[in-house]
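Here's the structure, in structure tokens; my notes come after.
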Amino acid sequence: MKKALIGLVMIWALLGVMTVPALAEFTVSQWQQFGEITTGDTAKGYALVEVTGPLAEQAAADLRDVRVVKTSGGSLEEIPYDIVTSTVQQQERSLSAAVLNRGTAGRDSTAIIDLGSSMMPHNRLRIHTASRNFIKEVTLAGSQNRQTWVEIRNSGKIADFRTTGQVFRQTEISYDSTDFRYLRIALAEGTGDAVVIDGIDVLYIENAPENEKHLPMKITDQETSAKDNSSIITMTGGFSKLTIDKLQFTVEDVNFSRPAVILASSDMKSWVRVGEGTLASFKLTNYTGTQLTLPLTPTSYRYLRVIIENGDSAPVKVLEVKGLYNPRYILFPVEAGGSYRVYVDNNAAQVPKYDLASFSDRVVAADPPIWGLAELQKNPEFKENKVVPASEKHKWLLPGVLAVLVAGLGFFIVRTLPKVMNDGK
Numbered sequence: 002m003k004k005a006l007i008g009l010v011m012i013w014a015l016l017g018v019m020t021v022p023a024l025a026e027f028t029v030s031q032w033q034q035f036g037e038i039t040t041g042d043t044a045k046g047y048a049l050v051e052v053t054g055p056l057a058e059q060a061a062a063d064l065r066d067v068r069v070v071k072t073s074g075g076s077l078e079e080i081p082y083d084i085v086t087s088t089v090q091q092q093e094r095s096l097s098a099a100v101l102n103r104g105t106a107g108r109d110s111t112a113i114i115d116l117g118s119s120m121m122p123h124n125r126l127r128i129h130t131a132s133r134n135f136i137k138e139v140t141l142a143g144s145q146n147r148q149t150w151v152e153i154r155n156s157g158k159i160a161d162f163r164t165t166g167q168v169f170r171q172t173e174i175s176y177d178s179t180d181f182r183y184l185r186i187a188l189a190e191g192t193g194d195a196v197v198i199d200g201i202d203v204l205y206i207e208n209a210p211e212n213e214k215h216l217p218m219k220i221t222d223q224e225t226s227a228k229d230n231s232s233i234i235t236m237t238g239g240f241s242k243l244t245i246d247k248l249q250f251t252v253e254d255v256n257f258s259r260p261a262v263i264l265a266s267s268d269m270k271s272w273v274r275v276g277e278g279t280l281a282s283f284k285l286t287n288y289t290g291t292q293l294t295l296p297l298t299p300t301s302y303r304y305l306r307v308i309i310e311n312g313d314s315a316p317v318k319v320l321e322v323k324g325l326y327n328p329r330y331i332l333f334p335v336e337a338g339g340s341y342r343v344y345v346d347n348n349a350a351q352v353p354k355y356d357l358a359s360f361s362d363r364v365v366a367a368d369p370p371i372w373g374l375a376e377l378q379k380n381p382e383f384k385e386n387k388v389v390p391a392s393e394k395h396k397w398l399l400p401g402v403l404a405v406l407v408a409g410l411g412f413f414i415v416r417t418l419p420k421v422m423n424d425g426k
């Protein structure tokens with residue numbers, strides 16, 4: 002009986018092996034489109050090509066069907082690559098600081114900050130205050146001994162505006178990086194009562210390279226709601242697979258602050274909320290400031306809709322909108338005299354696994370050059386690969402397997418039936 006069971010297990014195992022598809026090697030005829038890479042400096046041994054909107058649109062969402070190929074003498078050689086971003090995320094480090102001698106005099110405020118003896122660099126202050134409705138000039142000075150002071154900045158402003166249902170607040174001051182142990186801050190002039198300083202954060206912001214790019218958004222519809230006077234602006238960047246992180250607005254109006262909500266959709270029917278914030282612009286005698294960028298959950302929906310709450314004020318006139326995004330790049334090895342292509346659009350492609358992924362961050366840190374990518378074109382060698390079931394391709398397979406199974410079961414029954422009948426007597 003055990004032998005019969007083992008035989009059946011082997012039969013099922015054989016059937017399973019027959020039906021497991023094998024992973025195919027790169028074959029140029031399986032990719033529908035390709036783009037020629039514009040070559041450049043090869044000194045670093047690696048190069049980057051941006052994943053542009055058209056390329057992202059034709060590729061799978063996770064870029065699993067992208068392949069980089071080196072061409073030489075009519076032959077094609079697949080080479081390793083990794084999808085990277087050359088933008089280092091902004092790092093914020095908070096320093097330990099004690100606020101000394103804070104106080105107010107009339108409509109002015111002062112405070113001295115002690116960062117201890119760590120000698121760590123710093124370049125931003127964040128002021129905590131419960132005070133409201135003010136504009137204050139900020140003067141900042143630094144010292145190592147609290148006796149000799151050096152002016153760090155004298156042109157900053159902090160502000161808090163509040164009107165019916167609207168808020169604009171900015172209480173951070175940036176300055177050139179320094180390692181002064183002591184900072185002296187003075188909030189003076191401007192408008193409003195003296196600002197009561199409840200606390201101050203001292204920060205060091207390591208700025209990221211300016212790699213952010215913008216995509217012009219086409220405004221397809223702009224209307225004012227008859228129900229609540231809100232502005233409803235519908236737009237598209239033309240792509241459904243290019244991830245956008247922010248929306249940047251150009252407006253005609255000044256001296257306003259309006260809450261806004263961002264919705265996203267793939268079909269203009271079903272909408273999901275992906276962001277919110279405040280749009281504001283002020284140009285006053287003693288203060289000028291704008292907040293015209295709205296963050297959103299990184300999204301690749303084709304359509305976006307912004308709803309601006311105008312309250313009882315006249316609607317804000319939006320002139321232009323840009324989608325901001327951090328581009329992704331294809332990183333790959335290069336050598337002098339080589340020609341390269343990017344192939345894309347293969348529904349059957351699997352995610353490739355290259356050793357380059359384990360050390361690509363170090364390669365990116367060396368700042369390899371960014372090469373261009375020509376417009377995608379149809380691959381003349383593409384052949385549609387119609388998947389034919391094994392039972393159709395080998396018509397004998399299914400009857401043969403069934404015959405083997407029947408024979409095995411028959412053998413099992415013949416061997417075990419007499420024993421079962423004898424046991425029942």
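My numbering applies: residue 2 is where the sequence shown begins, and numbers increase by one. Where a beta carbon is used, it is the ideal one built from N, C-alpha and C, also for glycine. Small disclaimer: the values here were computed from a predicted structure and weren't measured.
In terms of residues, what are the limits of the beta strand (DSSP E) holding residue i?
i	result
V428	Residue 428 cannot be examined here, being either before or after the span of the chain that is shown, 2 to 426.
L204	200-207
V52	Unbroken run through V52: none, as it is neither H nor E.
T172	Unbroken run through T172: none, as it is neither H nor E.
S231	First-last for S231: undefined, no H or E at that position.
V335	Neither: V335 is in no beta strand (DSSP E) and is coded neither H nor E.
S76	76-80
S95	92-96
Compute the Euclidean distance between the alpha carbons of residue i and residue j, then round it to the nearest angstrom.
i	j	result
K284	L49	42 Å
P296	T72	42 Å
M236	L96	42 Å
R363	I233	45 Å
S266	F135	40 Å
P299	Y330	17 Å
V100	A112	7 Å
E382	N347	13 Å
W372	L64	19 Å
S271	I308	16 Å
V262	T105	39 Å
S282	L320	14 Å
I245	N327	8 Å
P122	E173	17 Å
G338	T40	9 Å
G323	L216	Here the sequence assigns Lys to residue 323, which means Gly is not the residue at that position. One C-alpha to the other measures close to 5 Å.
Y205	S175	10 Å
T251	N124	29 Å
Assuming residue i and residue j form a contact by the criterion Cβ under 8 Å, report the distance between their Cβ atoms to the nearest whole angstrom.
i	j	result
I186	V139	7 Å
N380	Q34	6 Å
Q59	A349	Wrong, their Cβ atoms sit about 15 Å apart, outside the cutoff.
V343	V69	6 Å
L374	L56	7 Å
I201	I128	6 Å
V335	T43	5 Å
V203	L126	6 Å
Q145	F181	6 Å
So for residue i, helix, strand or coil by DSSP?
i	result
E58	helix
Q31	helix
Q249	strand
N212	coil
G181	In the sequence as presented, Gly is not what sits at residue 181; that position holds Phe. Here F181 sits in coil by DSSP.
E321	strand
E310	coil
N146	coil
V151	strand
M2	The predicted position of M2 is uncertain, since its pLDDT is 45 and thus under 50; no value can be drawn from it.
T427	Past the boundaries of the shown model lies residue 427; the chain is included only from 2 to 426, so the question cannot be answered.
T86	coil
G276	strand
G107	coil
A195	coil
D161	strand
L64	coil
L305	strand
A227	coil
F240	coil
T294	strand
G41	coil
D115	strand
K1	This structure cannot settle anything about residue 1, because the visible part of the chain is limited to 2 through 426.
N256	coil
A99	strand
S132	coil
Y288	coil
N124	strand
R342	strand
A430	Nothing about residue 430 can be read from this structure; the chain reaches only from 2 to 426.
Would you say residue i reaches chain C, if we count a Cβ-Cβ gap shorter than 8 Å as a contact?
i	result
L280	Absent from the structure: chain C. Only one protein chain is present.
Next on the checklist: Quick check on the DSSP output: what are the complete beta strand (DSSP E) runs of length 3 or more inside the stretch 346-393, in order along the chain?
Outcome noted: The qualifying runs are 371-374.
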